[in-house]
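This report refers to the structure that appears directly beneath it.
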Amino acid sequence: MRCPQCGGRESRVVDSRDLDEAATIRRRRECASCSTRFTTYERLEAARLVVLKRDGTRQDFDRDKLASGLRKALTRRPVPDGAADQAADEIEAELRAGGTSEIPSSRIGALSMDKLRQIDQIAYIRFASVYQSFEDLEALKREVDRVYAERGVPAPKV
Ligand SMILES: [Zn+2]
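Basically my numbering = 1-based index in the sequence shown + 1.
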């Protein structure tokens, strides 16, 4: 593992911690040349998940890309650190539990929206407006109304 600062190859582990019920090990390392500290993650390689995209192409499932999409939706929302990562892990677990190795991208989109709806409704609307590319304000308003309906309160008049 190269040091991100100087590219040095020697580092020592200063801390090591289990994450996700020990499915992942996080290690803090210190570069032997410049003492920069950085983090590495080690996880068991699981069976490949392949995403079938809308245009018919296939792509390896990328958990980190999913997490960064969720993180973007959750930017500056009052949610705990790691909420996006936890949601991505849960989505991945759900996909793996499905037992099929090829997953339509629409399923990942739908699971992401479900998770975000539970975590934070603004993040959900942000994500949905990109993902579903609402045609107009009416479509966006219908979605907002749906969120209100789920909470059992009437939408405010605007
Ligand atoms: Zn270094």
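Virtual Cβ for every residue (Gly too), placed ideally from N, Cα, C.
Can you tell me which residues form a DSSP beta bridge with Phe-39? Paired residue(s): Arg-30.
### Enclosing alpha helix (DSSP H) for Val-141 [first to last residue]
Per the sequence presented here, residue 141 reads as Leu, with Val not at that position. Segment 138-152, the alpha helix (DSSP H) holding Leu-141.
Can you tell me where the alpha helix (DSSP H) with Gln-119 in it begins and where it stops? Going by DSSP, Gln-119 is part of the alpha helix (DSSP H) stretching over 106-120.
Mapping the DSSP letters down to three states, classify Val-131 as helix, strand or coil. In this structure, Val-131 counts as helix in the three-state DSSP scheme.
* Asked: Considering only the beta carbon of each residue, do Glu-139 and Ala-129 sit closer than 7 Å?
  -> Result no, Cβ atoms of Glu-139 and Ala-129 do not sit closer than 7 Å.
In the DSSP output, what is Val-14 paired with across the bridge? Paired residue(s): Arg-30.
| Under the three-state reduction of DSSP, which class applies to Asp-56: helix, strand or coil? | DSSP places Asp-56 outside both helix and strand once states are collapsed to three, so it counts as coil.
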